[in-house]
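So for the sequence shown, the working numbering puts the first residue at 1016; every next one is plus one.
Even for Gly, the Cβ is constructed at its ideal location relative to N, Cα and C.
Treat the numbers as computed from the prediction; the structure is a model and nothing was measured.
The structure under discussion appears below in the form of structure tokens.
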Amino acid sequence: MFYKAIGISKQAVHKYLNNDMKRREERSYLFQIIYQIRQDHPTMCVRDMYFIIKPSTLGRDAFEHMCKNEGLSAMRHFNYRKTTDSNGVIRFDNLLIGLIINRIDQVWQSDITYFDVRGKFYYITFILDAYSRRIVGHSTSKRLTTEQTTLPAIQLAFKTRGRKKLDDLILHSDGGGQYYDKEFIALIREQGLTSSMCEYPWDNGKAERINGVIKNNYLIHRSIKTFDELKYEVDRSVKLYNYEKPHIALQRKTPITFENEILSLH
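What follows is the structure, encoded as structure tokens:
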């Protein structure tokens, strides 16, 4: 009766609500990437950002307006401020504050970064075991959607560990919408994971560092011309990092060697 009274079908209302949620989710995806771009390219104008990111639910003017409102449009000196929760954004408590990490599969940290291939941005998602420094899951994608970023990365992480349940495991991330997407949350809850989020995107230290290690120590030294080549090189770089790169924090062992030694003691 209500829908009939206002002259709008129930299906139209639900379609509008779903589209509105997609717009809100994409906004939360975009902030993390825009912040990274602004750090790497402090003089890049917002319009150029728009054309290389190509958001699916925001037009050029809306994108520029959003950046201006969030303090991300300044050319040299910008003021990144955290977004409020007024747009339906879900924020989980930061469970790492005061936590001593002393075992494998106690904390996984995750982040999404971008990589420029001939002026086109693609996206790489990493999931890192905070204790062993092993990259347990990753994905390379053309879009920032949950379906192309965090979902395939977490599915690979579960496959890597080969266990149905990972109780008492914390998944820590920034506030990107991919980490509170309904399908993503349902999947990690089914596996026993608890969500944790930092307040600002730069407070996810180990995940931020792995972005830099893979991009700067591996990818930029490859001749990457296509998305398929990027995907191949990300897979290759993760394998090299896990199996061959020693870490001072791991007594100069590689993540795989460190994990194998820990597991052999149990």
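Item to check | CA-to-CA distance, valine 1249 to asparagine 1232, given in whole angstroms | outcome: Answer to the nearest angstrom: the Cα atoms are 12 Å apart.
Checklist entry - How long is the line joining the alpha carbons of threonine 1272 and arginine 1251, rounded to whole angstroms? => result Their Cα atoms are separated by approximately 18 Å.
Next on the checklist: By the DSSP assignment, the beta strand (DSSP E) with leucine 1186 in it spans what residues?
Outcome noted: First-last of the beta strand (DSSP E) with leucine 1186: 1184–1188.
Item to check | Of the listed residues Glu1085, Tyr1258, Ile1229 and Ile1112, nearest to leucine 1045 (C-alpha basis) | outcome: That would be Glu1085, whose Cα lies nearest to the Cα of leucine 1045.
Checklist entry - Hey, arginine 1133 and lysine 1240 are a contact pair by Cβ (cut 8 Å); roughly how many whole angstroms apart? => result The distance from the Cβ of arginine 1133 to that of lysine 1240 is about 6 Å, consistent with a contact at the 8 Å cut-off.
Checklist entry - Is it a yes or a no for the stretch 1150–1166 touching the stretch 1182–1196, going by three-plus beta-carbon pairs under 8 Å? => result At 8 Å Cβ cutoff, the stretches touch.
Next on the checklist: I'd like to know if the stretch 1125–1132 and the stretch 1045–1063 are in contact, where contact means that at least 3 CB-CB pairs between them fall below 8 Å.
Outcome noted: The stretch 1125–1132 is in contact with the stretch 1045–1063.
Next on the checklist: DSSP three-state label for glycine 1152, please.
Outcome noted: In this structure, glycine 1152 counts as strand in the three-state DSSP scheme.
Item to check | Same chain only: Cβ atoms within 8 Å of proline 1261, ignoring 5 sequence neighbours per side | outcome: Excluding positions up to five away in sequence, the list reads Arg1267, Lys1268 and Thr1269.
Next on the checklist: Taking the beta carbon of cysteine 1060 as the centre, do at least 16 other beta carbons fall within 10 Å, making it buried, or is it exposed?
Outcome noted: Counting Cβ neighbours within 10 Å, cysteine 1060 comes out exposed, since fewer than 16 surround it.
Next on the checklist: I'd like to check one pair, glutamine 1121 with tyrosine 1146: are the Cβ atoms closer than 7 Å?
Outcome noted: Yes, these two residues count as a Cβ contact at 7 Å.
Next on the checklist: Would alanine 1168 and isoleucine 1139 qualify as a contact pair, given that the criterion is a beta-carbon distance under 7 Å?
Outcome noted: No, the pair does not count as a contact, with Cβ atoms beyond the cut-off.
Checklist entry - Would DSSP call serine 1279 helix, strand or coil? => result Residue state, collapsed to three classes: helix.
Checklist entry - What is the rounded straight-line gap between the Cα of leucine 1110 and the Cα of leucine 1186? => result Going from the Cα of leucine 1110 to the Cα of leucine 1186 covers about 9 Å.
Next on the checklist: Considering just the uninterrupted stretch of the beta strand (DSSP E) at leucine 1208, what are its terminal residues?
Outcome noted: Counting along the chain, the beta strand (DSSP E) containing leucine 1208 begins and ends at 1208–1212.
Next on the checklist: Considering Cα atoms alone, identify which of Leu1280, Ser1156, Cys1213 and Arg1118 is closest to tyrosine 1247.
Outcome noted: That would be Ser1156, whose Cα lies nearest to the Cα of tyrosine 1247.
Next on the checklist: Output needed for phenylalanine 1199: all residues of its chain with C-beta closer than 8 Å, excluding positions within five of it in sequence on either side, in chain order.
Outcome noted: Answer for phenylalanine 1199: Thr1161, Thr1165, Leu1166, Ile1169 and Gln1193, listed in chain order.
Checklist entry - Do arginine 1149 and glutamate 1274 have their C-beta atoms closer together than 7 Å? => result Yes, the pair counts as a contact, with Cβ atoms nearer than the cut-off.
Checklist entry - What residue from Asn1117, Ser1088 and Glu1079 has the CA that sits closest to alanine 1264's CA? => result The shortest CA-to-CA distance from alanine 1264 to any of Asn1117, Ser1088 and Glu1079 is the one to Asn1117.
Checklist entry - Could you give the C-beta distance for tyrosine 1137 and leucine 1245, rounded to a whole number, given that I count them as a contact under 8 Å? => result About 6 Å; that satisfies the 8 Å criterion.
Next on the checklist: Once DSSP output is grouped into helix, strand and coil, what is the label at tyrosine 1233?
Outcome noted: Coil, per DSSP.
Item to check | Which of helix, strand or coil DSSP assigns to histidine 1262 | outcome: Histidine 1262 sits in a strand when the DSSP states are folded into three classes.
Item to check | DSSP state of aspartate 1196 mapped onto helix, strand, coil | outcome: Aspartate 1196 falls in the coil class under three-state DSSP.
Item to check | DSSP three-state assignment for lysine 1240, whether helix, strand or coil | outcome: In the structure shown, lysine 1240 sits in coil (DSSP, three-state: anything other than H, G, I, E or B).
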